[in-house]
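Enquirer: Dumping the structure here so I can ask a few things about it.
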Amino acid sequence: MVEDQLIPKVYDSAAAQKVQPLALDKISILPGAMEPSYSVITTLDIESGEEGGVNTKAYLGSGEQLYMSPNHLYLTSTNYQNNQQSTSEVFKFSLDKTQVHFLQTAQLKGTILNQFSMDEHNGYFRTVTTEGNLWDERNKAKNHLFILDENMKQVGSVENLAVNERIYSARFLGDKAYMVTFRETDPLFVMDVADPNNPKVLGELKIPGFSNYLHPLDEGHLIGFGYETIAKKNPQGGAPIIQTGGMKISVFDVTDFANPKETASEVIGGQGTYSSVQHDHHALFIHPTRHLFGFPISVYEQSKRENILDLQSSGAMIYEITAERGIVQTADLTKRMTHEYMDWEKEIQRLLYSDNALYTMSVNEVNSYTLDHFTPLDTLERAGHTTNSVQPLESIGK
């Protein structure tokens, strides 16, 4: 029956041996949501592991972004209006062991970029949004900060920031919020959100490039992972043409909130260079005591052929990043490419460490290195898979 096809199905090996349709009393409709799909939320009691320790609920209307605090879960959904205006529905759920309960919803102007554009602090929900379009002079892009109380009622805001730009990254850290917008330059905004009823902009820094991800380095410094940008003359006149260049790492000093500064930067490769850390923070490797930060990377450079980018190398890079020394490369674990395209099965997905060894992982193999000098130790290939010979890994000793 068609009805059966529209109901989510679940499988719990502790309760049944086959897939079962979700009970109707476990399905709800999210108010104001437009997506014709479900958000399925499952909670598990991992301590008991007993039957009944799993609870699944489905919410019709779906959700685009997700943020979770110790006590609450937030889902967002974007509604696009006929007049090209957009609003975000934010749905708040309570969490009590394996029980999930819908609490409140709020509608805000604009769209929410990702989980780092949201935060809960002392019972208040904070978020930043982008409203409007970069290409529409009648509906110019603008950016907002909103603060809502525990009942999802707005109590404070800072609106119409960085007109004609959109948010590329954000981070809430206690009483401060940091936001990067971009169109031609990269403004880093520092905002005071200590008073939920009266948030305000403290400082702003404009530099070339932009950060896709902001990571706290210490109490007074941030690391930005993003792109260098290049402004080229527009042959038709008017505003310059902005193109992305190589991957850029920046260290921002925000100890003086009114005057944030970029104190160190590193550009890797040329146009086309990318790292998964720019859109997935799980790809960032961190060794806190050694102050090491690493990530997968594919390095491109401009070819001698016009408008062609050549893949030069792929693998991982590791840097020591501190407020005192800035950005210092400690290892280049990339492999030189002898062909035009990367084999995705060999592309490094994650880096991790255990004791004094570093491990890089791709779909088909795991490689290990010493953490002291990144000397290759061993390679474990997936069973039944053969790899072509590659050139030795290059490394830089400390």
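Our numbering puts the first residue of the sequence shown at 5, with every later residue one more than the last.
From the three backbone atoms N, C-alpha and C, an ideal C-beta is built for every residue, glycine too.
(1) List the DSSP bridge partners of residue 335.
(2) Within 10 angstroms of its Cβ, does residue 98 collect 16 or more other Cβ (buried), or is it exposed?
(3) Below 8 Å on the Cβ atoms is my contact criterion, and I expect residue 138 with residue 187 to pass it. Report the Cβ-Cβ distance as a whole number of Å.
(4) Compute the beta-carbon to beta-carbon distance between residue 44 and residue 16, rounded to the nearest angstrom, for a pair I have assumed lies under 8 Å.
(5) Check this for me: beta carbons of residue 174 and residue 132, under 8 Å apart or not?
(6) Kindly indicate which three-state DSSP category residue 281 falls into: helix, strand or coil?
(7) Classify residue 286 as helix, strand or coil using the three-state DSSP reduction.
(8) Measure the C-alpha to C-alpha separation of residue 3 and residue 70 and round it to an integer number of angstroms.
(9) State the CB to CB distance for the pair residue 109 and residue 200, rounded to an integer number of angstroms; the pair is presumed to be in contact (CB under 8 Å).
(10) Can you tell me where the beta strand (DSSP E) with residue 83 in it begins and where it stops?
(11) Let me confirm a value: residue 96 is counted as buried when at least 16 other C-beta atoms fall within 10 Å, else exposed. Which label applies?
(12) Under 7 Å: does the beta carbon of residue 326 sit that close to some heavy atom of the ligand HEM?
(13) Give the secondary structure of residue 372 by DSSP, where H, G and I count as helix, E and B as strand, and everything else as coil.
(14) Residue 156: which of 123, 341, 364, 168 sits nearest, CA to CA?
(15) State the CB to CB distance for the pair residue 372 and residue 362, rounded to an integer number of angstroms; the pair is presumed to be in contact (CB under 8 Å).
(16) Less than 8 Å between the CB atoms is what I'm expecting for residue 321 and residue 337, so what's the real figure, rounded?
(17) May I ask you to list the residues that DSSP assigns as paired with residue 356?
(18) Taking residue 102 as the reference, which of 117, 278, 257, 76 has the closest Cα?
(19) With respect to the beta strand (DSSP E) encompassing residue 174, which residues constitute its N-terminal and C-terminal limits?
(20) For residue 270, which of helix, strand or coil comes out of DSSP?
(21) Cα separation between residue 179 and residue 259?
(22) Is it true that the CB of residue 162 sits closer than 8 Å to the CB of residue 203?
(23) I need the DSSP call for residue 118, collapsed to helix, strand or coil.
(24) Does residue 59 come out as helix, strand or coil in the three-state DSSP assignment?
(25) Whole angstroms is fine: what's the gap from residue 127's alpha carbon to residue 223's?
(26) On the DSSP bridge list, what partners appear for residue 340?
(27) Based on DSSP bridge pairs, tell me the residues matched to residue 20.
(28) Using a Cβ cut-off of 8 Å (strictly closer), state whether residue 375 contacts chain D.
(29) Quick check on the burial criterion: 16 or more other C-beta atoms within 10 angstroms. Buried or exposed for residue 282?
(30) If I follow the unbroken beta strand (DSSP E) through residue 379, where does it start and stop?
(31) Residue 108 bridges to which residues according to DSSP?
(32) Identify whether residue 305 lies in helix, strand or coil by the three-state DSSP scheme.
(33) Suppose you measure from the CA of residue 394 to the CA of residue 386; what does that come to, to the nearest Å?
(34) I need the straight-line Cα distance from residue 211 to residue 192, nearest angstrom please.
Expert: Inspection of the coordinates gives the following:
(1) Per DSSP, 322.
(2) By the neighbour-count rule (16 or more Cβ atoms within 10 Å), residue 98 is not buried but exposed.
(3) Sure, about 6 Å apart at Cβ, within 8 Å.
(4) About 13 Å separates the Cβ atoms of residue 44 and residue 16, ruling out a contact at the 8 Å cut-off.
(5) For the pair residue 174 and residue 132, the CB atoms are nearer than the 8 Å cut-off.
(6) In the structure shown, residue 281 sits in a helix (DSSP, three-state: H, G or I).
(7) Of the three classes helix, strand and coil, the one that applies to residue 286 here is helix, per DSSP.
(8) This structure cannot speak to residue 3, because the chain is shown only from 5 to 402.
(9) Contact between residue 109 and residue 200 is absent: CB atoms are separated by about 19 Å, not below the 8 Å threshold.
(10) 76-84 is the span of the beta strand (DSSP E), which, as asked, contains residue 83.
(11) Its Cβ being crowded by 16 or more others within 10 Å, residue 96 is buried.
(12) As far as ligands go, the structure on display features none, and thus does not contain the ligand HEM.
(13) Three-state result, residue 372: strand.
(14) Residue 123 is the option with its Cα nearest to residue 156.
(15) Your pair residue 372 and residue 362 checks out as a contact, with CB atoms roughly 7 Å apart and the cut at 8 Å.
(16) Residue 321 to residue 337, Cβ: 7 Å. Contact.
(17) In DSSP, residue 356 forms a bridge with 363.
(18) Cα-wise, what sits closest to residue 102 is 76.
(19) Going by DSSP, residue 174 is part of the beta strand (DSSP E) stretching over 170-177.
(20) Assignment of residue 270 by DSSP, reduced to helix, strand and coil, places it in the strand class.
(21) Our two residues, residue 179 and residue 259, have alpha carbons roughly 13 Å apart in a direct line.
(22) Against a cut-off of 8 Å, the Cβ pair of residue 162 and residue 203 comes out as a contact.
(23) Here DSSP, grouped into helix, strand and coil, assigns residue 118 to coil.
(24) Three-state DSSP puts residue 59 in a strand.
(25) Cα to Cα, residue 127 sits roughly 22 Å from residue 223.
(26) According to DSSP, which records beta bridges pairwise, residue 340 is partnered with 317.
(27) Per DSSP, none; premise fails for residue 20.
(28) In the structure shown, chain D cannot be found, because there is only a single protein chain.
(29) Buried: at least 16 other Cβ atoms inside 10 Å.
(30) Careful: residue 379 lies outside any beta strand (DSSP E) and carries neither H nor E.
(31) Looking at the DSSP output, residue 108 bridges to 96.
(32) Reduced to three states, the DSSP call for residue 305 is strand.
(33) Its pLDDT being 40, under 50, residue 394 is placed unreliably in this model, and the value from its coordinates should be taken loosely. Here the alpha carbons of residue 386 and residue 394 stand approximately 16 Å from one another.
(34) Roughly 8 Å separates the two Cα atoms.
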